[in-house]
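All remarks here apply to the structure that follows.
Numbering (my numbering), first residue to last: -19 to 96.
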């Protein structure tokens, strides 16, 4: 994992803010669209190893409530990976991969630190 790749979906407001920030600061990046390309298993596993599945899986979004109750109550790391690969919209956005590290969500101050 080198360079900068941002993972998510185009119509997500947080994604739009993050990409606008990158554009404004002239930072080159690759956009990986979950809707067209699905989730990247290696990056997903790296993010879960770094941040924990409980952080990577977005329980506040619209995908989580639509999961069967049994899937939610029995969720663990392995099941989180399977669920996210099947339903990439459940992954917290944006997922940013930069210089061998992963970052979740968009926080302008964090991005400023990452890219300085």
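From the three backbone atoms N, C-alpha and C, an ideal C-beta is built for every residue, glycine too. Predicted model, so just to flag it, every value in this text is computed and none were measured.
Residue 60 and residue 36 do touch by the CB rule: their CB atoms are close to 7 Å apart, below 8 Å. Uninterrupted alpha helix (DSSP H) stretches at least 4 residues long and entirely within the region -8 to 19 occur at -7 to 4, 14 to 17, given in chain order. For residue 40, no alpha helix (DSSP H) encloses it, and the DSSP letter there is neither H nor E.
As DSSP reads the structure, residue -13 sits in a beta bridge with 12, 75. Annotation for residue 7: -16, 95 place their beta carbon closer than 7 Å to its own, counting only its chain and skipping 5 residues before and after. Between residue 38 and residue 64, the alpha-carbon positions lie close to 10 Å from each other. As the crow flies, the alpha-carbon of residue -3 is around 11 Å from that of residue 73. Between residue 93 and residue 26, the CB-CB gap reaches or exceeds 7 Å. Judged by DSSP in its simplified three-state form, residue 47 adopts coil rather than helix or strand. Its chain contains -14, 83 as the residues whose beta carbon lies nearer than 6 Å to that of residue 76, once the 5 sequence neighbours on both sides are disregarded; these appear in chain order.
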